[in-house]
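Novice: Using full-length UniProt numbering, the first residue of the sequence shown is number 1, and each one after it goes up by one.
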Amino acid sequence: MKTTVIKKELQVPSSAMVSVAEIIAGNEITHTITGVDEDDDTIALEVEYSKKERDIIRDIENVIEDHEEEDDDGE
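(1) Output the distance between the C-alpha atoms of residue 55 and residue 17, rounded to the nearest integer angstrom.
(2) Among residues of its own chain, excluding the 5 on either side of residue 23, which ones have a beta-carbon nearer than 8 Å to its beta-carbon?
(3) Could you give the first and the last residue of the continuous alpha helix (DSSP H) run that contains residue 18?
(4) Run through DSSP, which three-state label would residue 48 get?
(5) Who are the Cβ neighbours of residue 3 in its own chain at under 7 Å, not counting the five residues just before and after it?
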């Protein structure tokens, strides 16, 4: 059975980068930094994952969302 690889680009706030990197490294998710937006203080990150790794990507998205909410509260 062929494994389908899904690619997704995420905008990671710099405040979330350490947490996101820990999840990626701990789960050996294939990733590429594709850009930086200094104005928004974010890093564009492309991740590649299989369907069985979707929960890991959801964890990353939750970390990003939590940091975005914290950034909004801090302004």
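In this text, a Cβ means the ideal position worked out from N, Cα and C, and glycines have one as well.
Specialist: Let me spell this out:
(1) 18 Å
(2) 29, 56, 59, 60 and 63
(3) 17 to 27
(4) strand
(5) 50
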